[in-house]
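Everything on this sheet refers to the single structure shown next.
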Amino acid sequence: MASSALQIPASSKSSSSSFLGRLPSTNNIGSSTVSLSVRKNGACKCVDAPPAEQKTGYKTRVTRNGNMAKLQAGYLFPEIARRRAAHISKYPDAQVISLGIGDTTEPIPEVITSAMAMKLRAAIASTYYKDLAVEETDIFVSDGAKCDIFRLQVLFGSEVKMAVQDPSYPVAIETSSFSKFAGFTGVRLGWTVVPKELHFSDGFPVAKDFNRIVCTCFNGASNIAQAGGLACLSLTGMKAMDETIKFYKENTEILVDTFKSLGFDVYGGRNASYVWVHFPARSSWDVVTTPGSGFGPAGEGFVRVSAFGHRANIMEAAKRIKQLYK
Numbered sequence: 001m002a003s004s005a006l007q008i009p010a011s012s013k014s015s016s017s018s019f020l021g022r023l024p025s026t027n028n029i030g031s032s033t034v035s036l037s038v039r040k041n042g043a044c045k046c047v048d049a050p051p052a053e054q055k056t057g058y059k060t061r062v063t064r065n066g067n068m069a070k071l072q073a074g075y076l077f078p079e080i081a082r083r084r085a086a087h088i089s090k091y092p093d094a095q096v097i098s099l100g101i102g103d104t105t106e107p108i109p110e111v112i113t114s115a116m117a118m119k120l121r122a123a124i125a126s127t128y129y130k131d132l133a134v135e136e137t138d139i140f141v142s143d144g145a146k147c148d149i150f151r152l153q154v155l156f157g158s159e160v161k162m163a164v165q166d167p168s169y170p171v172a173i174e175t176s177s178f179s180k181f182a183g184f185t186g187v188r189l190g191w192t193v194v195p196k197e198l199h200f201s202d203g204f205p206v207a208k209d210f211n212r213i214v215c216t217c218f219n220g221a222s223n224i225a226q227a228g229g230l231a232c233l234s235l236t237g238m239k240a241m242d243e244t245i246k247f248y249k250e251n252t253e254i255l256v257d258t259f260k261s262l263g264f265d266v267y268g269g270r271n272a273s274y275v276w277v278h279f280p281a282r283s284s285w286d287v288v289t290t291p292g293s294g295f296g297p298a299g300e301g302f303v304r305v306s307a308f309g310h311r312a313n314i315m316e317a318a319k320r321i322k323q324l325y326k
């Protein structure tokens with residue numbers, strides 16, 4: 001069967017997709033050519049252009065979310081990871097200690113990991129809210145506080161400047177997580193309390209819309225995670241968690257004492273295992289921390305040091321700091 005070759009520029013109007021419409025080239029992207037082999041029976045065979053002629057991007061009619069353009073160029077923690085990798089590449093013999101992100105290191109107590117029970121919402125309500133008349137139906141178990149904070153932003157939209165009402169009690173939305181006090185880093189388990197008394201200006205219950213968002217974009221925390229959360233709230237689990245918290249508090253004391261002994265201004269470390277240090281720019285001591293500026297302008301000139309780490313790493317980090325700044 002006879003055939004003829006036809007070439008059309010990639011910027012020509014597409015007949016196969018009205019969604020893409022015209023595909024114009026940009027200033028940085030030249031037009032690319034697609035070779036079409038047209039047979040007399042009406043079938044077209046698309047053949048890729050040679051690699052040297054191929055281009056990688058084309059404009060569509062899909063409008064970019066304007067809020068994405070407002071974000072900073074890079075997220076803080078991936079940038080820390082990138083710089084750490086670059087440092088290790090430059091100094092392969094450096095024994096880098098990571099006290100930056102704050103991932104917990106101690107194992108989850110066995111009594112928690114071996115639990116196979118349910119009714120987590122009721123346990124959360126009775127353990128943390130028994131004096132506040134919060135019912136289990138007000139509690140949304142989720143995959144962590146960070147995800148729920150995102151969902152709250154989806155719930156209220158871009159026009160709301162403040163999500164906490166005045167007065168905030170008893171209709172405040174509360175978000176919490178098992179991440180730190182239970183060592184659930186990576187397990188992804190938390191909860192949000194949305195009181196049924198809380199309504200929008202038109203009288204519609206906030207909890208109903210939040211439930212719609214949760215059910216639409218989330219299938220619920222895993223059974224394993226929920227079983228572990230329930231075990232956390234048992235008497236044995238609470239005792240086991242207290243021991244883990246005690247360990248991280250000791251780590252925190254080591255870091256605070258180290259920085260204070262060298263004359264640094266130290267803040268935090270009392271209600272969380274993070275220490276903020278007013279830290280003038282100095283040479284590296286092969287310990288990864290988090291720059292305070294990553295949390296806003298007020299953090300400029302500070303570093304945040306995480307006490308979530310193995311005891312040996314905390315002791316070694318303290319030793320290096322003392323050797324460098326004494």
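The UniProt record's numbering puts the first residue of the sequence shown at 1, with every later residue one more than the last. The beta carbon of each residue, even a glycine, is placed where N, CA and C say it ideally should be.
* Asked: Which of helix, strand or coil does DSSP assign to T192?
  -> strand
Okay, do the region 179 to 197 and the region 223 to 234 touch, 3+ Cβ pairs below 8 angstroms being the bar? yes
Report task. Leaving aside the five residues before and after G144 along the sequence, list all residues of the same chain whose C-beta is less than 7 angstroms from its C-beta, in chain order. Result -> S177, S179, R188, L189, G190
Return the residue from the list R270, V193, S98 that minimises the CA-CA distance to T137. V193
### Message
Can you determine whether any heavy atom of the ligand ATP sits closer than 8 angstroms to the C-beta of K246, and answer yes or no?
### Response
Inclusion of the ligand ATP in the displayed structure is not the case, the ligand content being empty and no account of it being possible.
Bounding residues of the alpha helix (DSSP H) (the contiguous stretch that carries R304):
Unbroken run through R304 is the beta strand (DSSP E), 302 to 306; no alpha helix (DSSP H).
Exercise for review: Give me whichever residues DSSP pairs with T290 in a beta bridge.
Suggested key: R304
Can V277 and F302 be called in contact, C-beta distance under 9 angstroms?
yes
Compare the beta carbon distance of V287 and S98 with 9 angstroms and say whether it is the shorter of the two.
yes
* Is T175 helix, strand or coil by DSSP? -> strand
Handout entry: Given F279 as reference, the closest of A133, N271, K260 once Cα atoms are compared
Key = K260
Quiz prompt | Range of the contiguous alpha helix (DSSP H) that encloses G268 | solution = No alpha helix (DSSP H) holds G268; the beta strand (DSSP E) holding it covers 266 to 268.
Since L233 and I124 should fall inside the 8 angstroms C-beta cutoff, what is the C-beta to C-beta distance between them, to a whole number of angstroms? 7 angstroms
Query - Nearest-angstrom beta carbon gap, K322 and L262 [assumed within contact, 8 angstroms] - result: 7 angstroms
Tell me whether H199 sits in a helix, a strand or coil according to DSSP, three-state version. strand
> In whole angstroms, what is the alpha-carbon distance linking L198 and A221?
Replying inline: 24 angstroms
Exercise. In chain order, what residues of the same chain lie with their CB nearer than 7 angstroms to the CB of D209, ignoring the 5 residues before and after it?
Worked result: L155
Query - Counted within 10 angstroms of its Cβ, other Cβ atoms place L120 as buried (16 or more) or exposed - result: buried
(Q) So, at 6 angstroms on beta carbons, what are the nonlocal neighbours of Y267 in its own chain, with the 5 sequence-adjacent residues on each side left out? (A) W276
In the DSSP assignment, the beta strand (DSSP E) including I142 goes from what residue to what residue? In the sequence as displayed, the identity of residue 142 is Ser instead of Ile. Segment 139 to 142, the beta strand (DSSP E) holding S142.
Give the DSSP-derived three-state secondary structure of H278 in the structure shown. strand
Backbone secondary structure at S273 - three-state DSSP: coil
Which first and last residues belong to the alpha helix (DSSP H) in which Y128 is found? 120 to 128
Exposure of T216, with buried meaning 16 or more beta-carbon neighbours within 10 Å: exposed
* Asked: DSSP three-state call for S89: helix, strand or coil?
  -> helix
* For D261, does the three-state DSSP call read helix, strand or coil? -> Note on identity: in this sequence residue 261 is Ser, with Asp being the wrong assignment. Here S261 sits in helix by DSSP.
Straight-line gap, S273 to G294 (C-alpha atoms, nearest Å)
18 angstroms
Can you have a look at L132 and say buried or exposed, based on whether 16 or more other CB atoms are within 10 angstroms of its CB? exposed
query: Over what stretch of residues does the alpha helix (DSSP H) that includes D209 continue unbroken?
result: 206 to 217
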